[in-house]
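Novice: Handing you this structure, nothing more for now.
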Amino acid sequence: MGHVVAELVVVPLGTATPGLSPYVAAVEKALEGFDLKTVLTPMGTVVEGELDEVLRALRAVHEIPFQMGAMRVSTSLK
Numbered sequence: 001m002g003h004v005v006a007e008l009v010v011v012p013l014g015t016a017t018p019g020l021s022p023y024v025a026a027v028e029k030a031l032e033g034f035d036l037k038t039v040l041t042p043m044g045t046v047v048e049g050e051l052d053e054v055l056r057a058l059r060a061v062h063e064i065p066f067q068m069g070a071m072r073v074s075t076s077l078k
């Protein structure tokens, strides 16, 4: 596939506390396991790499908030 630059936003909903930093940290940590360049921004994470790798990472990080107890997760990729 092709090389892409995209913005990834993962928002856990229905969490036990209003603080989301543990979720952000877990998603960023998981992204380190993929062959992607990443830049954390105030509103999301910019990822750069092959499309297939970006999509694999998207699927993986979408599941993280559920594993941490979130009731719902809103994930977007631009």
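Residue 1 is where the sequence shown starts when you use this note's numbering, and the numbers rise one by one after that. Here a beta-carbon is modelled for each residue, glycine too, at the ideal position from N, C-alpha and C. From a predicted model like this one, the values you see are computed outputs, not experimental measurements.
Give the range of the beta strand (DSSP E) segment to which Lys37 is assigned.
Specialist: Taking the sequence shown and counting its residues from 1, the one referred to as residue 37 is at position 37. Start and end: Lys37 to Thr41.
Novice: Quick one: give me the first and last residue of the beta strand (DSSP E) that Glu32 is part of.
Specialist: Numbered from its first residue, the sequence shown carries residue 32 at position 32. From DSSP, Glu32 is part of no beta strand (DSSP E); its letter is neither H nor E.
Novice: Classify Leu13: buried if its beta carbon has 16 or more other beta carbons within 10 angstroms, exposed otherwise.
Specialist: By one-based count along the sequence shown, residue 13 stands at place 13. The residue in question, Leu13, is exposed, as its Cβ has fewer than 16 Cβ neighbours within 10 Å.
Novice: Give a yes or no on whether the C-beta atoms belonging to Ala6 and Met68 are separated by under 8 Å.
Specialist: On the sequence shown, position 6 is the one that residue 6 refers to. On the sequence shown, position 68 is the one that residue 68 refers to. Cβ distance not < 8 Å, so Ala6 and Met68 don't count as in contact.
Novice: For Ser76, I'd like the list of residues in its chain whose CB is within less than 6 Å of its CB, leaving aside the five on either flank, ordered along the chain.
Specialist: Indexing the sequence shown from 1 puts residue 76 at position 76. Excluding positions up to five away in sequence, the list reads Val9.
Novice: Per DSSP, Gly44 forms a beta bridge with which residues?
Specialist: Here residue 44 refers to the residue found at position 44 of the sequence shown. Note: Gly44 sits in a beta bridge opposite Thr41.
Novice: Should Ala57 be labelled buried (16 or more other beta-carbon atoms within 10 Å of its own) or exposed?
Specialist: For this step, residue 57 is matched to residue 57 along the sequence shown. So Ala57 counts as buried.
Novice: For Leu40, count neighbouring C-beta atoms within 10 Å of its own C-beta (all shown protein chains included) and say buried if the count is 16 or more, exposed if not.
Specialist: The residue labelled residue 40 in the question sits at position 40 within the sequence shown. So Leu40 counts as exposed.
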